[in-house]
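Counting in my numbering, the sequence shown runs from 64 upward without gaps.
All residues carry an ideal CB built from backbone N, CA and C; glycine is no exception.
No experiment lies behind these values; they were computed from the predicted model shown.
Notes follow the structure.
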Amino acid sequence: MTDRPRVDVHTTTISSSADEVYRRLESVGQWSQMFEPTIHSTELAREGNKQTIQLWAVANGEPKSWVSERHLDPAARTIRFAQTVTAPPVAEMSGEWKVLPLTEDSCSVRLTHTYRAEDDSEEALAWIAKAVDTNSTKELAALKTALEREADSELSAFTFADSVETTADPVLLFSFLDRGELWSGRLDHVAEAEMKEFSDGLQLLRMRTSTPDGDSHVTESYRVSQSPARLLYKQVTLPALLELHTGEWTISPSGESWKVTSKHTVAINPEAVQKVLGPDATVADAKELARRNLGNNSLRTLEAAVRWADAAAPQR
């Protein structure tokens with residue numbers, strides 16, 4: 064047992080300006096595309112330099128969600144944070160991002176965590192320490208990669224979306240998207256599907272899917288269900304060509320009908336392009352293939368959702 068908080072510090076050096084690195088850390092809405100452990104992140108409130116955020120992330124292989132209050136200091140390039148809603152076994156968690164300029168085009172980033180475990184348990188403290196070390200190391204490495212890769216636009220993530228319009232009941236449409244464990248019986252391109260549900264809308268969906276070119280692969284995605292109109296996800300078991308895949312399903316009013324949209328953000332793994340597609344293939348070829356396959360499967364899912372919602376609606 065211990066009654067003193069533990070303090071852990073992690074650092075890295077990045078070949079990018081301190082101001083640009085600070086801006087990236089302040090923009091929490093993009094964290095799922097940059098930080099491997101982050102499933103989804105959003106700003107709940109902002110008043111001056113006081114910011115309230117919610118994070119859904121993986122810690123030691125377990126999906127968790129918490130709310131933090133952040134105090135932003137752009138002049139000092141410092142962000143202090145403290146969790147106001149914690150997830151077990153964390154009792155208290157606070158810390159600081161500090162960006163220190165080295166030259167005009169390089170900086171040092173220091174990430175500090177101060178924390179205590181529930182009941183000051185040594186076992187729980189060790190669990191937290193492992194999660195903090197694993198996630199901090201991954202986050203700093205990802206921050207470095209993201210900033211240093213930005214100069215190469217070909218390797219940056221790209222976003223695309225597909226939509227259908229329908230007069231079907233939006234509650235039924237959302238139910239179809241939300242019940243991923245039923246997709247193997249509802250979608251031709253899904254051979255197997257199983258889903259675990261956790262608190263705060265968190266889900267883990269595992270599927271075996273096929274693409275129009277006859278390929279088949281198993282994927283796992285963490286999802287955040289935000290009924291009645293939004294479902295976000297991050298794919299954590301990726302095909303060889305992809306380095307990142309996040310997305311969301313949304314349902315929004317469109318005149319007297321509803322617009323159902325599937326949006327993807329994808330980054331290509333450049334080292335896999337020629338191994339998978341052949342010696343003459345380019346990153347552009349891989350992007351085109353990803354756009355086509357993901358878009359086709361999304362449209363098939365959207366169209367199936369509309370058919371199912373129409374059939375499930377009470378007859379009048």
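Give every residue of the same chain whose Cβ lies closer than 8 angstroms to the Cβ of Val227, excluding the five residues on either side of it in the sequence, and list them in chain order. Taking the sequence shown and counting its residues from 1, one reaches residue 227 at position 164. Excluding sequence neighbours, Val227 sits near Lys322, Val323, Leu362, Leu365, Glu366, Val369.
How close, in whole Å, do the beta carbons of Ala231 and Ala372 come, if the pair is a contact with beta carbons under 8 angstroms? Indexing the sequence shown from 1 puts residue 231 at position 168. Indexing the sequence shown from 1 puts residue 372 at position 309. With a Cβ gap of about 4 angstroms, Ala231 and Ala372 count as contacting.
Determine the direct distance from the alpha carbon of Gln337 to that of His103, and round the result to whole angstroms. By one-based count along the sequence shown, residue 103 stands at place 40. By one-based count along the sequence shown, residue 337 stands at place 274. About 31 angstroms.
Which residues does DSSP list as the beta-bridge partners of Lys338? Here residue 338 refers to the residue found at position 275 when the sequence shown is read from its first residue. Per DSSP, none; premise fails for Lys338.
Give me the DSSP bridge partner(s) of Trp246. As a first step, residue 246 must be located in the sequence shown, where it is residue number 183. According to DSSP, which records beta bridges pairwise, Trp246 is partnered with nothing at all.
Does the beta-carbon of Ala139 have 16 or more other beta-carbons within 10 angstroms, so that it is buried, or is it exposed? Here residue 139 refers to the residue found at position 76 of the sequence shown. Counting Cβ neighbours within 10 Å, Ala139 comes out exposed, since fewer than 16 surround it.
For the beta strand (DSSP E) holding Asp82, just list the boundary residues, first then last. In the sequence shown, residue 82 corresponds to position 19, counting from 1. Taken as a continuous stretch (DSSP letters only), Asp82 belongs to no beta strand (DSSP E), being part of the alpha helix (DSSP H) at 81–89.
Drop a sphere of 10 angstroms on the beta-carbon of Leu107, count the other beta-carbons inside from all chains shown, and report buried for 16 or more, exposed for fewer. What you label residue 107 is simply residue 44 of the sequence shown in a count that begins at 1. Looking at its Cβ environment, which holds fewer than 16 other Cβ atoms inside 10 Å, Leu107 is exposed.
Classification of Gly124 by the beta-carbon crowding that lies within 10 angstroms, buried from 16 upward: Your numbering for residue 124 matches position 61 in the sequence shown. Burial call: exposed.
Following the continuous beta strand (DSSP E) through Glu283, name the residue where it begins and the one where it ends. One-based indexing of the sequence shown puts residue 283 at position 220. It spans 279–289 - the beta strand (DSSP E) in which Glu283 sits, taken as one unbroken run.
Return the Cβ separation of Ala256 and Ser273 in integer angstroms, given the expectation that the two are a contact with Cβ distance under 8 angstroms. Within the sequence shown, residue 256 is the residue found at index 193, counting from 1. Within the sequence shown, residue 273 is the residue found at index 210, counting from 1. Contact doesn't hold; Cβ gap of about 13 angstroms is too wide.
Under 7 angstroms Cβ to Cβ from His73, same chain only, skipping five residues before and after it: list those, please. Residue numbering aside, residue 73 sits at position 10 when the sequence shown is read from its first letter. Result list for His73: Leu174, Ser199, Thr200, Leu203, in chain order.
Check whether the Cβ atoms of Glu83 and Leu210 sit closer than 8 angstroms, and answer yes or no. As a working mapping, residue 83 is identified with position 20 in the sequence shown. As a working mapping, residue 210 is identified with position 147 in the sequence shown. In this structure, Leu210 lies closer than 8 angstroms to Glu83 by Cβ.
Touch test, the stretch 300–311 against the stretch 325–339, Cβ-Cβ under 8 angstroms, three pairs minimum: yes
Quick check: the stretch 142–152 against the stretch 179–195, are at least 3 beta-carbon pairs closer than 8 angstroms? yes
With respect to the beta strand (DSSP E) encompassing Pro164, which residues constitute its N-terminal and C-terminal limits? Walking along the sequence shown from the start, residue 164 turns up at place 101. It spans 153–166 - the beta strand (DSSP E) in which Pro164 sits, taken as one unbroken run.
Mind reading off the beta-carbon distance from Asp71 to Val172? Whole number of angstroms is fine, and I expect it under 8 angstroms. The sequence position of residue 71 within the sequence shown is 8, counting from 1. The sequence position of residue 172 within the sequence shown is 109, counting from 1. In this structure Asp71 does not touch Val172 by the C-beta definition: roughly 15 angstroms separates them, more than the 8 angstroms allowed.
For the stretch 337–353 against the stretch 259–267, do three or more pairs of beta-carbon atoms, one drawn from each stretch, fall closer than 8 angstroms, so that the two count as touching? Between the stretch 337–353 and the stretch 259–267 there are fewer than three inter-stretch CB-CB distances shorter than 8 angstroms, so the stretches are not counted as touching.
Do Thr141 and Lys161 come within 8 angstroms of each other at the CB atom, strictly closer than that value? Mapped onto the sequence shown, residue 161 falls at position 98. Mapped onto the sequence shown, residue 141 falls at position 78. In this structure, Thr141 lies closer than 8 angstroms to Lys161 by Cβ.
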